[in-house]
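Participant: My questions all concern the structure below.
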Amino acid sequence: MKIEIWSDFVCPFCYIGKRHLEKALEQFEGRGEVSTAFRSFQLDPGASAVSGKTMYDILSRKYGMTIEQAKQTTANVAVQAEQAGLRYDFDAMIPANTEAAHRLSHYAAEKGKGGTFTERTMQAFFTEGRDINCFKTLADLAEEAGLVRSKALQVLESGQYRDYVLKDQEKAAAAGVSGVPFFVFNEKYAVSGAQPPHKLLEVLEQVRTESSADKQGKEGGPDCSGGSCSI
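First residue of the sequence shown: 257, per this note's numbering; consecutive thereafter.
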């Protein structure tokens with residue numbers, strides 16, 4: 257079974273959704289047959305890499321809310337993250353343009369470290385307040401994920417893998433994806449939002465059953481909605 261996951265490194269629901277999928281897979285008997293691939297999705301491709309703004313500033317401007325309302329909203333998200341076993345520090349988060357991180361994630365995937373790099377980068381952004389706009393920071397994270405730091409810097413400075421990022425985003429646009437996380441199972445079944453583990457487990461079981469039965473004529477599939485970040 258192949259699972260493609262469209263996400264962005266600065267989307268709080270994407271990290272929660274990632275953890276929920278991992279918990280679902282822990283309970284899934286067929287987990288040994290599952291491969292996962294992270295796909296690029298930029299919520300704000302035009303974001304400045306040197307804005308000097310806080311996450312509260314960004315949310316206030318984007319959604320037309322006050323700073324206090326933004327703080328309350330993020331506090332609620334932090335509770336959801338905690339329930340998933342994650343710790344979010346919105347006070348420390350540094351808004352970022354994620355193109356460089358996405359480019360490096362494709363390099364990491366080619367080296368068999370895609371999942372490890374994605375996890376490390378999300379942890380660095382949401383929990384540690386690391387600046388993922390910075391090439392040095394990204395290269396450090398790549399090294400921590402098991403990649404050669406000098407090679408990672410070369411990728412970042414050369415602009416490599418930009419076409420990979422664009423291809424992922426074009427594929428998402430063609431499928432009508434406007435928010436993340438967005439999961440696609442076997443290029444057939446779509447699930448949007450940070451669904452709870454038991455819901456994702458239901459999808460895994462259904463996909464496995466139908467794949468085994470080879471029901472080529474069956475249309476549609478699970479289509480959920482829930483917590484997600486949108487453009």
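Using N, Cα and C, we set each Cβ at its ideal position, and we do this for glycine too.
With a Cβ-Cβ cutoff of 8 Å, do Q298 and T374 count as a contact?
Facilitator: Not a contact, by the Cβ cut-off of 8 Å.
Participant: Quick check: the Cα distance between T310 and A334, rounded to an integer number of angstroms?
Facilitator: Going by the C-alpha atoms only, they are around 16 Å apart.
Participant: Using the Cα positions of R287 and E466, report the straight-line distance between them to the nearest angstrom.
Facilitator: Whole-angstrom Cα-Cα distance: 16 Å.
Participant: Tell me, which residues are paired with S291 by DSSP?
Facilitator: The partner list for S291 (beta bridge, DSSP) reads K258.
Participant: When you compare only the Cα positions, how much space is there between A430 and F438?
Facilitator: Cα-Cα distance, rounded: 13 Å.
Participant: Give me the Cα-Cα distance between A398 and N332, rounded to the nearest whole angstrom.
Facilitator: Computed Cα separation, rounded: 31 Å.
Participant: Count the other C-beta atoms from every protein chain shown that fall within 10 angstroms of the C-beta of A293, then say buried if there are 16 or more, exposed otherwise.
Facilitator: Exposed: under 16 other Cβ atoms inside 10 Å.
Participant: So, under 8 Å CB-CB, F265 and I388 are touching, yes? Tell me the CB distance rounded to an integer number of Å.
Facilitator: So it is a contact: roughly 6 Å between Cβ atoms.
Participant: Can you tell me the Cβ-Cβ gap for V421 and S296, rounded? I've got them flagged as a contact below 8 Å.
Facilitator: Rounded, the Cβ-Cβ distance is 4 Å, consistent with contact.
Participant: Count the other CB atoms within 10 Å of the CB of E260; is the residue buried (16 or more) or exposed (fewer)?
Facilitator: E260 should be labelled buried.
Participant: Count the other CB atoms, across all protein chains shown, that sit within 10 Å of the CB of S208; report buried if there are 16 or more and exposed otherwise.
Facilitator: There is no way to answer for residue 208, as the model of the chain reaches only from 257 to 487.
Participant: Is there at least one non-hydrogen atom of the ligand GTP closer than 7 Å to the beta-carbon of R464?
Facilitator: By its list of ligands, the structure shown contains no ligand whatsoever, and the ligand GTP lies outside what it can speak to.
Participant: Please work out which residues of its chain come closer than 7 Å, Cβ to Cβ, to K367, disregarding the five sequence neighbours upstream and downstream, and give them in chain order.
Facilitator: So the qualifying residues of the chain are L403.
Participant: Using beta carbons (cut-off 8 Å, strictly below), is T465 in contact with chain C?
Facilitator: In the structure shown, chain C does not exist; there is a single protein chain.
Participant: Do the CB positions of S263 and V436 come within less than 8 Å of each other?
Facilitator: Contact: yes.
Participant: Do the stretch 443-462 and the stretch 274-288 meet, that is, are 3 or more Cβ pairs less than 8 Å apart?
Facilitator: Contact between the stretch 443-462 and the stretch 274-288 is present, because at least three Cβ pairs lie under 8 Å.
Participant: If you follow the beta strand (DSSP E) that S230 is in, where does it begin and where does it stop?
Facilitator: Nothing in the structure corresponds to residue 230, since the chain is present only between 257 and 487.
Participant: Alpha carbon to alpha carbon, how far is L281 from R317?
Facilitator: Using only the alpha carbons, I get a separation of about 37 Å.
Participant: Excluding the 5 residues flanking H362 on each side, which residues of the same chain have their C-beta closer than 6 Å to its C-beta?
Facilitator: Excluding residues within five positions, the ones whose Cβ falls inside 6 Å are Y417, Y420.
Participant: To the nearest angstrom, how far is the alpha carbon of S468 from that of E289?
Facilitator: Those two C-alpha atoms are separated by around 12 Å.
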